[in-house]
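Residue numbers (our numbering): 2 to 80.
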C-alpha cells in the first residue's frame with residue numbers, strides 16, 4: 002500500500018521507518034540527523050514552520066506539511 006505524504010509524493014508503506022512531528026527537531030540528535038539526511042537543502046529555523054512532519058524511510062527522509070497523526074492514519078500505522 003502507498004501513502005500520500007503531500008507535495009505530490011507517495012511512499013510505499015513498507016519502506017516507512019517512522020513518522021515524526023517536526024517539533025522533535027529541537028532535540029540536538031534529531032536536528033543533526035535531519036541536517037545529515039538533507040545535505041543539499043538549506044533550512045533555516047523559519048523554513049521549518051511550513052512543515053509539520055518528517056518521514057524516515059529506508060532510503061530517504063521527507064518533509065511534509067501534513068500532520069504526523071494524519072499520515073499515520075492514512076497508512077494504518079499505530080502511533
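All C-beta atoms, glycine included, are put in the ideal place defined by N, C-alpha and C. Remember, predicted model here, so these are calculated numbers, not experimental data.
For residue i, I'd like the list of residues in its chain whose CB is within less than 8 angstroms of its CB, leaving aside the five on either flank, ordered along the chain.
i: residue 12; result: 3, 4, 6, 56, 58 and 63
To which residues does DSSP link residue i through a beta bridge?
i: residue 74; result: Looking at the DSSP assignment, residue 74 forms no beta bridge with any residue, so it has no partner.
i: residue 21; result: 55
i: residue 13; result: 3
Grab me the residues of residue i's own chain with a C-beta within less than 6 angstroms of its C-beta, minus the 5 sequence neighbours each way, in chain order.
i: residue 76; result: 4 and 14
Out of curiosity, what's the CA-to-CA distance linking residue i and residue j?
i: residue 32; j: residue 26; result: 5 angstroms
i: residue 74; j: residue 37; result: 28 angstroms
i: residue 28; j: residue 9; result: 29 angstroms
Kindly give me the distance between the Cβ atoms of residue i and residue j, rounded to whole angstroms, as I take these residues to be in contact under 8 angstroms.
i: residue 54; j: residue 35; result: Wrong, their Cβ atoms sit about 12 angstroms apart, outside the cutoff.
i: residue 20; j: residue 69; result: 5 angstroms
Candidates the options: which alpha carbon is nearest residue i's?
i: residue 39; options: 71, 52, 24 and 61; result: 61
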